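In what follows, a single structure is set out as structure tokens and then discussed.
Numbering (our numbering), first residue to last: 1026 to 1368.
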């Protein structure tokens, strides 16, 4: 058999694997602390060898309260393997502060982590701590980053919660101008226009228009906005729920809105009264493919009838919802009907 003069090649997977911590000179002075699972663990977790070793060294340095560059390297190694390890994130932040590191560099690293781990609360909380410490005079760069982060997942709870904190925090510091509030509302409206069923965007609009610090809160304008969105997507529960909130906030009543919504009550047990309305009404016929009546519209009609004292008519509509239009919630509609009958 011919013998090659070429040296034996190391597999690529082994070439790229980092040297174990136990073999690195910088860690020779540390005695790793193994995880204590007891003598007979019921369901031991099958950690990878790399993760197990890294955590053993982390227990050692954290017990010694060491804050150093090698600790930063170690914590980064761990959170790359487990981005949700809140203890490691917290110790990393404490180390950054202890070493007086440039937190803007850490924020750049978090850009990568946030994009790759949108669902990790710990990643976003670490970013929050960084922004709190950096405290920029104008957070527009961070706002733009959040907007871009929502593009692949426009309903990600952690990103929305972080955006909410950012505006509340920096508005308290007087660093959110009226122009910034206005541009945020325009961005939010674009999100709703692109996906009318994005509850997170609807909740954000409510905060911007009705609940944020300094919001004037024009409930009538919000009613008009919700009505126009209903005309766009009649079966959109988000818009109907928003309409209810706007009515409550403004002190308006439901009855005057019925003519504007009559098109979606076609086939109701109580014929809706169409006609002139002070509120935005539909200007085109309902799409033939839209199932009618719309259950949300019938519920609104029945609630308006109760509000107007027409309990018998309201009972008929609730009964229709339970028997044919929304049978999934028949028990609930029967309860509402009984409330009218037995009032």
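Backbone N, C-alpha and C fix where the C-beta goes; we use that ideal spot for every residue, glycine too. Predicted model only: the values in this text are computed from it and were never measured.
Taking 8 Å as the upper bound for CB-CB distance, residue 1263 and residue 1221 are in contact here, some 7 Å apart. Each of 1253, 1332 and 1345 was checked against the Cα of residue 1320, and the nearest Cα belongs to 1345. Distance from the Cα of residue 1086 is smallest, within the candidate group 1051, 1194 and 1277, for 1051.
Per DSSP, the continuous alpha helix (DSSP H) segment holding residue 1249 begins and ends at 1244 to 1257. For residue 1317, the closest of 1258, 1361 and 1367 by C-alpha to C-alpha distance is 1258. For residue 1059, the secondary structure class from DSSP, reduced to helix, strand or coil, is coil. In this structure, the CA atom of residue 1309 is about 48 Å from the CA atom of residue 1152.
Within 10 angstroms of the beta-carbon of residue 1070 lie fewer than 16 other beta-carbons, which makes it exposed. The residue among 1214, 1055 and 1270 with its C-alpha nearest the C-alpha of residue 1325 is 1270. Annotation note: the stretch 1159 to 1218 contains the following uninterrupted alpha helix (DSSP H) runs of length 4 or greater, listed N- to C-terminal: 1165 to 1174 and 1182 to 1197. Counting along the chain, residue 1087 sits inside the alpha helix (DSSP H) bounded by residues 1074 to 1088. When rounded, the separation of the alpha-carbon atoms in residue 1161 and residue 1229 is 23 Å. Counting only the Cα atoms, residue 1288 lies some 7 Å from residue 1311. For the options 1331, 1335 and 1261, the alpha carbon positioned closest to that of residue 1315 is the one of 1261. In the three-state reduction of the DSSP assignment, residue 1049 falls in the coil class, being assigned neither a helical nor a strand state. Shown here, residue 1140 sits in a helix according to DSSP, grouped into three states. Assignment of residue 1100 by DSSP, reduced to helix, strand and coil, places it in the helix class.
Of the residues assessed, residue 1211 falls on the exposed side of the cut-off, its CB having fewer than 16 other CB atoms within 10 angstroms.
Residue 1323 is positioned such that its CB atom lies no closer than 7 Å to that of residue 1365. In summary, residue 1193 is exposed, with fewer than 16 beta-carbon neighbours lying within 10 Å of its beta-carbon over all protein chains present. Straight-line spacing of the CA atoms in residue 1304 and residue 1159 works out to 47 Å.
Spatial neighbours of residue 1082 in its own chain (CB-CB distance under 7 Å, excluding positions within 5 residues in sequence) are listed in chain order as 1046, 1052, 1055, 1057 and 1099.
Around the C-beta of residue 1068, fewer than 16 other C-beta atoms lie within 10 Å, and the residue is accordingly described as exposed. In terms of Cβ geometry, residue 1273 and residue 1332 do not form a close pair [threshold 7 Å].
In this structure, DSSP gives residue 1150 a helical state, which the three-state scheme calls helix. Residue 1251 counts as buried, since at least 16 other C-beta atoms from the protein chains shown sit within 10 angstroms of its C-beta.
Each residue's CA atom was taken as its position, placing residue 1176 and residue 1307 some 31 Å apart. For residue 1320, the enclosing alpha helix (DSSP H) has its first and last residue at 1320 to 1332. DSSP places residue 1221 in the coil class of the three-state scheme, outside both helix and strand.
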